[in-house]
Structure formats: structure tokens, C-alpha cells
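Each residue of the sequence shown is one higher than the last, beginning at 1 in full-length UniProt numbering.
Cβ coordinates follow ideal geometry from the N, Cα and C atoms, glycine included.
Here the structure comes first, spelled out in C-alpha cells, and everything after it is commentary.
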Amino acid sequence: MSIVALGVFPYITASIIMQLLTPVIPTLQNLSREGEAGRIKMNRITHWGTVPIAIAQAFAQLVLLQQANVLTNVGFSGDALMPTIAAILSMTAGTMFLVWLGELITERGIGNGISLIIFAGIVVGFPGLLARGFLDRDNILGVFFFALIGLLIVAMIVVFNEAHRRIPVQYGRSIFRGGQMYRQSGSSYIPLRINSAGMIPLIFAFSIVILPGTVAQYLSSAGGFLGNLAGNLNAALSPGGPIYWILAFFLVVGFTFFYTLVVFQQQNIAENLQRNGGFVLGIRPGRPTQDYLNRVIIRLTMGGALFLGFIAIVPYLASLVTNVEAIALSSTSLLIMVGVGLDTLRQLEAQLMMRNYEGFLR
């Protein structure tokens with residue numbers, strides 16, 4: 001069993017929790033406004049928060065392996081105590097090592113190191129995915145259409161990830177030099193993305209959808225009314241049933257609005273514009289600008305939420321259309337892969353442009 005079996009997902013969970021707690025806790029809100037020093041302190045808090053999350057997820061994974069009869073000695077009593085503690089500490093240390101490695105990649109390489117590690121973990125599973133597809137020789141046409149649907153979904157993700165609306169901004173500032181007043185002006189725009197939430201709503205939604213089924217699976221062994229109710233709930237919320245995917249769709253749409261608005265309010269765009277002498281054309285600075293931007297982001301998020309909801313249920317729709325059950329198409333993995341690929345490509349282009357300009361100036 002790999003000591004990095006948890007990957008960097010405990011760190012991702014800790015980062016999401018920090019983002020959601022920042023507007024609620026005044027101390028974190030003040031740290032977020034302190035620039036680089038505040039960012040370093042918040043990053044340190046995120047690292048400390050990763051440790052208990054990794055410990056909890058490591059123990060949960062051991063319990064799941066025990067239920068699947070892979071491990072037989074899991075617990076905190078008797079002979080199982082030391083092996084369980086050793087496994088939990090090893091998996092937690094593996095996660096923290098990956099986080100450290102990801103930060104080194106970010107500092108000395110190109111792209112976000114944590115995202116690249118997740119990207120590598122997804123790509124590693126592709127050979128096995130292709131092998132399972134080729135083994136299903138009775139449904140070659142279905143496998144072909146399954147691959148075609150995958151390519152179309154990737155193209156759709158690229159379009160929606162890059163789509164944004166430009167809000168024109170005008171800057172005007174008065175500067176006094178030598179007893180005379182000079183006026184400086186310029187124009188720019190604020191890019192508001194349709195899918196500004198990324199894959200975070202999918203992670204939230206599927207975590208909540210899985211939770212009732214997991215609890216029901218624990219309680220199904222009990223007899224009587226509670227056991228029967230847990231068994232029926234577990235059957236209704238199984239990943240192969242339509243109720244599971246309908247619930248996932250609505251949860252993804254709801255979490256997209258929630259997460260986008262929480263993060264957007266933290267940016268204080270209207271306040272920063274007013275402080276720097278900028279204003280949206282036709283809108284008064286201050287509160288009217290904030291209300292206008294809120295209306296625009298809600299309308300844009302409607303399209304992004306429906307897009308993410310559709311992406312969430314694509315695996316179920318693809319299996320219905322193609323009748324291919326051997327291949328599992330993960331919408332979250334596709335979102336991560338496309339997002340990391342586009343971000344790395346942009347950073348490579350920026351590095352190449354800097355090199356060209358440096359050579360030109362010389």
C-alpha cells in the first residue's frame with residue numbers, strides 16, 4: 001500500500017475550509033488583507049490544518065479496507081494498536097511530503113506544484129483505463145462513442161473555463177507636481193469568468209452525496225426497522241441509480257452559487273477600484289458598483305452552475321448512451337486536467353514572452 005495513498009487531497013480540503021472561514025472569522029479576514037506576510041501566515045495555518053484532516057482520512061481509508069477484507073488488523077486496542085498508528089502516521093507523512101514537494105515545484109518550476117501532482121496522479125491511471133476499454137471487445141462501437149463523448153466534454157470544459165465577460169473600467173487620477181495639477185487617465189477591464197468556482201463545487205457535492213450512503217452502509221448490518229431503512233437508503237443512493245445523480249446535479253448547482261459568491265465578496269473589487277481611482281463606465285463608485293458587479297456575477301454563475309451540473313452527471317449519461325460499464329469517466333478529473341493544462345500553458349507562454357522581450361531589449 002502506498003504511503004502517499006491520500007495524495008494532496010487533505011491539503012485541498014484544508015485550503016477550501018480556510019477560504020470559507022476567512023469571511024466569517026475577523027482574524028483571518030485581517031490576515032488576508034496584510035499582503036504577503038498575511039498570506040504566509042494563512043498558508044502556515046493551512047499546513048497545520050492539513051495534519052488532523054490527513055489523520056482522519058487515513059484512519060477512514062484503513063476502516064474501508066478492513067470492510068473490504070483487505071486488512072484484518074485495524075483498531076486502537078490490543079495487537080492492532082501499533083500497526084494502525086504506524087499506518088496512519090506513514091500516510092499522513094506521505095501527504096505532507098507531497099505538499100512540500102508541490103511547493104518546491106511552484107517556487108522553482110513552472111505552474112502550480114500541487115495541481116501538477118494531482119494531474120500526474122490522474123494521468124497515471126490512464127493506461128489501466130485504456131486496458132479495460134480494449135478488454136470490452138463485445139461493445140467496440142460503444143467504446144468508440146465513449147471516447148468521442150470524452151473528447152467533446154474536454155472541448156466544452158476548455159470553452160467554459162476560458163469564457164469570461166469583460167467589464168470596462170476607466171481610471172482617472174489627479175497628480176500635483178510643481179504647484180500644477182495633472183490628470184492621468186487610462187482604461188482596462190475586469191474579467192469575470194463564467195466558471196470561476198472551478199472543480200470545488202463538484203468536490204463538495206459528491207462528498208455530501210456519498211455521506212448518507214456511507215452512514216447507511218454502517219447501519220445496514222443492524223436489525224429491525226433501522227437496518228431495513230438503512231438498507232433501502234443505501235440502495236436508493238447507490239452510484240448507479242438516477243436518484244444519486246439527480247441529487248448530485250442540484251447540489252453542484254447550489255454549491256457553485258455559494259462558493260462563487262463567497263470568494264467574490266472576499267475580493268472587494270468595488271472598494272479596490274474606488275481606492276485606485278477607477279470606476280465602471282456608467283456606474284457610480286462604491287456601493288452601486290458592488291451591486292452592479294453582484295448582479296453580473298450571479299447571471300454569469302447561472303451558466304457556470306448549469307455547466308458544472310451537466311459535467312457532474314456526464315458519467316451517468318455516457319454509460320446510458322454507450323452501454324459501457326467497464327470504463328469510469330470522472331468529470332472532476334477532466335476538469336482538473338484541463339484546468340491544470342491551460343494554466344501551465346499560460347505560464348509557459350508568459351515565460352517565453354519574457355525571454356523574447358529580454359533578448360529584444362538587449
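In the DSSP annotation of this structure, the continuous segment of the alpha helix (DSSP H) that includes F310 starts and ends at 287-322. Inter-residue distance for S32 and I16 is about 14 Å (C-alpha atoms, whole angstroms). Counted as a single uninterrupted DSSP element, the stretch harbouring V280 is not any alpha helix (DSSP H) but the beta strand (DSSP E) occupying residues 278-280. In this structure, the beta-carbon distance from A312 to F255 does not fall below 7 Å. Secondary structure of P201 (DSSP, three-state): helix.
Linking S330 to L202 through their CA atoms gives a straight-line distance of about 11 Å.
When rounded, the separation of the alpha-carbon atoms in I297 and P288 is 14 Å. When C-beta atoms of the stretch 2-20 are compared with those of the stretch 39-47, three or more pairs fall below 8 Å, so the two segments count as touching. Spatial neighbours of D79 in its own chain (CB-CB distance under 7 Å, excluding positions within 5 residues in sequence) are listed in chain order as N73. With a threshold of 16 other beta carbon atoms within 10 Å, Q265 falls short and is exposed. Taking a 10 Å sphere around the C-beta of M91, we find 16 or more other C-beta atoms and assign the residue as buried.
Residue pairing by DSSP places I190 opposite I167 in a beta bridge. Counting C-beta pairs with one atom in each stretch, the stretch 265-283 and the stretch 155-162 have fewer than three that are closer than 8 Å, which means they do not touch.
In the three-state reduction of the DSSP assignment, V8 falls in the coil class, being assigned neither a helical nor a strand state. The residue among T344, I336, L281, A5 with its C-alpha nearest the C-alpha of V154 is I336. In this structure, F249 lies away from G286, with their beta-carbon atoms at least 7 Å apart. Around G49, the same chain offers A14 as residues with beta carbons nearer than 6 Å, after the five sequence neighbours per side are excluded.
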